[in-house]
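S.K.: Residue numbers 2 to 458, in the UniProt record's numbering, belong to the letters of the sequence shown in order.
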Amino acid sequence: NVSVVLFTSDLRLHDHPPLRAALDGSYAVVPLFVRDRGVDAAGFAAPNRLAFLSESLRDLDAGLRERGGRLVVRTGDVVEEVCRVVAEAEAGTVHMAAGVSAYAQRREERLRAALEGGPCRLQVHDAVITALPPGAVTPASSDHFAVFTPYFRRWSQERLRDVMAAPRTIRVPGTVGSEPLPCRRGLSGVAERLAAGGETEGRKRLMAWLRDGITAYEERHDDLAGDATSRLSPHLHFGTLSPVEVVHRARRAGGPGAEAFVRQLAWRDFHHQVLAARPAAAQADYRPRHDRWRSGSGARADIEAWREGRTGYPLVDAAMRQLRHEGWMHNRGRLLTASFLTKTLYVDWRVGARHFLDLLVDGDIANNQLNWQWVAGTGTDTRPNRVLNPLTQARRYDPDGAYVRRWVPELAGLGGPAVHQPWKLPGPDRVACAAYPDPIVGLSDGLARFRRARGHV
Ligand code: FAD
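1) Between the C-alpha atoms of residue 448 and residue 347, what's the straight-line distance to the nearest angstrom?
2) In whole angstroms, what is the alpha-carbon distance linking residue 359 and residue 216?
3) Identify every residue that forms a DSSP beta bridge with residue 381.
4) In three-state terms, what does DSSP make of residue 168?
5) Assign residue 288 to one of three DSSP states: helix, strand, or coil.
6) Do residue 161 and residue 248 have their C-beta atoms within less than 8 Å of each other?
7) Is the beta carbon of residue 105 sitting closer than 8 Å to the one on residue 126?
8) Put residue 311 into one of helix, strand or coil per three-state DSSP.
9) Is any non-hydrogen atom of the ligand FAD found closer than 7 Å to the C-beta of residue 133, if you look at the structure I gave you?
10) I need the boundaries of the alpha helix (DSSP H) containing residue 1, first residue and last residue.
11) Taking the continuous beta strand (DSSP E) assigned at residue 76, which residues delimit it?
12) From residue 433 to residue 450, what does the alpha carbon distance come to, in whole angstroms?
13) Please name the residue in 373, 9, 167 and 304 whose C-alpha comes closest to that of residue 80.
14) Going by CA-CA distance only, name the one from 244, 253, 154 and 316 that's closest to residue 266.
15) At the 8 Å Cβ level, is residue 453 part of the contact set with chain D, yes or no?
16) Quick check on DSSP: helix, strand or coil for residue 208?
17) Could you compute how far the alpha carbon of residue 177 sits from the alpha carbon of residue 92?
18) Whole angstroms is fine: what's the gap from residue 349's alpha carbon to residue 426's?
19) Is residue 230 near the ligand FAD - that is, is its Cβ less than 7 Å away from at least one heavy atom of it?
20) Using a Cβ-based criterion (distance less than 7 Å to any ligand heavy atom), does residue 49 qualify as near the ligand FAD?
21) Alpha carbon to alpha carbon, what distance is there between residue 7 and residue 97?
22) Just to confirm my understanding: we take residue 201, look at its own chain, exclude 5 residues before and 5 after, and list those with CB closer than 6 Å. What are they?
23) Looking at the ligand FAD, does it come within less than 7 Å of residue 378, judged from the CB to the closest heavy atom?
24) With H, G and I counted as helix, E and B as strand and the rest as coil, what does DSSP make of residue 120?
25) Taking the alpha-carbon of residue 273 as reference, which of 139, 27, 436 and 442 has the nearest alpha-carbon?
26) Roughly how far, in whole angstroms, is the beta-carbon of residue 493 from the beta-carbon of residue 320, given that I think they are within contact range, below 8 Å?
27) Buried or exposed: where does residue 95 fall if 16 or more other Cβ atoms within 10 Å of its Cβ makes it buried?
28) Given a cut-off of 8 Å, decide if residue 240 and residue 405 are closer than it, judged by their beta-carbon atoms.
29) Just checking, does the region 70-84 make contact with the region 103-120 on the three C-beta pairs under 8 Å criterion?
30) Below 8 Å on the Cβ atoms is my guess for residue 381 versus residue 148; work out the distance and round it to an integer in Å.
31) Can residue 284 be considered in contact with the ligand FAD, in the sense that its beta carbon sits closer than 7 Å to one or more heavy atoms?
32) For residue 67, count neighbouring Cβ atoms within 10 angstroms of its own Cβ and tell me buried if that reaches 16, exposed if not.
33) Can you confirm whether the region 172-188 touches the region 296-311 when touching is taken to mean that 3 or more C-beta pairs between the two stretches lie within less than 8 Å?
34) Just to confirm my understanding: we take residue 218, look at its own chain, exclude 5 residues before and 5 after, and list those with CB closer than 6 Å. What are they?
35) Less than 7 Å separating the Cβ of residue 196 from some heavy atom of the ligand FAD?
36) Indicate the three-state DSSP secondary structure (helix, strand or coil) for residue 15 in the structure shown.
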């Protein structure tokens, strides 16, 4: 008997429960990835993620070939393609991991309906996109946790399943054909310094992180210039690394750095369990604050300046430019730029979330939309009206200005923390960096507008 394994956000061979179940119960297995036209139609096919995806699929195929198999790639409607492959392979079971977003939940329902009554059954395994599957822990009075701290307490007490080894061999039936694998070269609009994709690369990065980075994570994770975070987020997004394995290995490393790092992984699980229970929160306010976000030409000009990294606040602009050049931004930068857009400029969080999704290689419905909502105060933050001040953030997280000098070439000639307030420079120094704009808004004006809007004057 033959099984199909549908890969989605789990592009790996290590620790893959649906693949393991298929191999245990079948003579042959079709590892299938469908380039789903529905995902493109939803505006989710950003060049940076397509590039990372292409490399990840090639690496998955290479790993399967080393084991005697290969990856089958198809393009089209995911449900139609799965049914076609099931017929070609005369498969008896389709294995896949549960999804979290509304789109993934619907995909599963459609697939179930399409296979119903036929000879092939669908086996949906627990979600593998998170360490703890969404819904595995719930508070007494709700289907999900709305506050992180109690969630984390419960999350920490749960025993995670054991990590599964990668298979040694795999047999793929010859009757099923594949399209050529997609290629990163030839894609336009890819960030010039985009990280490399694939499980092999992800595992290398994880091992290097556990060896060299994790110990100092607690003290250094907010140091913008130090760049001392793991950068594992795209691998967790595409599932080229298993979150269960990452948590187990980090816990084994031990120490305060590992504890702080594991806590961040729990944040990831937290947002996924909110989205799984409230899929509409990808677009609608999780906790409506009845904001009347700015619109019109003034807002449009501000949004453009924010996107381009020309707000006149060097730390905000440095982070926005890092995003464009790398397809990635430091978490501290994400917090600050999102606060600046939604609170200082009082622009709808959906505008910022869309821009991030267009560029982030780790861009993710659960983490992106719900972090945006958290910052905007429409989500799960218990202090929804806090506003981050770019100058205070600069003093704390880029005290010497090195991060700004790295990303804002107009200011690269300025020494020390003066780089954070170029508008205060004496005449000749200001002239030397005249290509850099003045602030588009005064911080106190922005703050007053936000407080008025939220009724906190
Ligand atoms: P590390 O600091 O090394 O953390 C380890 C892992 O923990 C990360 O890889 C990530 O998977 C997880 N993590 C860390 N912080 C968070 C967090 N606040 N929420 C959820 N998971 C977290 N993360 C995404 O993966 N995709 C997104 O689209 C995304 N959008 C964001 C938008 C905004 C406005 C904000 C404030 C944060 C967003 N984050 C997102 C969370 C976080 O910024 C990134 O996960 C982190 O910067 C990735 O870098 P890293 O792998 O070096 O993180």
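Glycine residues also receive a C-beta, built at the ideal position from the N, C-alpha and C atoms. Just so we're clear, the structure is a prediction, and the values are computed from it rather than from any experiment.
M.R.: So, from the data block:
1) 9 Å
2) 33 Å
3) DSSP, once it has assigned bridges, lists no residue as partnering residue 381.
4) coil
5) coil
6) yes
7) no
8) coil
9) no
10) With the chain covering 2 to 458 only, the question about residue 1 has no answer from this structure.
11) 73-77
12) 33 Å
13) 9
14) 244
15) Note that chain D does not occur in the displayed structure, where there is just one protein chain.
16) helix
17) 11 Å
18) 33 Å
19) yes
20) no
21) 5 Å
22) 60
23) no
24) coil
25) 139
26) Residue 493 falls outside the range modelled here, since the chain spans only 2 to 458, and no answer is possible.
27) buried
28) no
29) yes
30) 6 Å
31) no
32) exposed
33) no
34) 258, 261 and 262
35) no
36) coil
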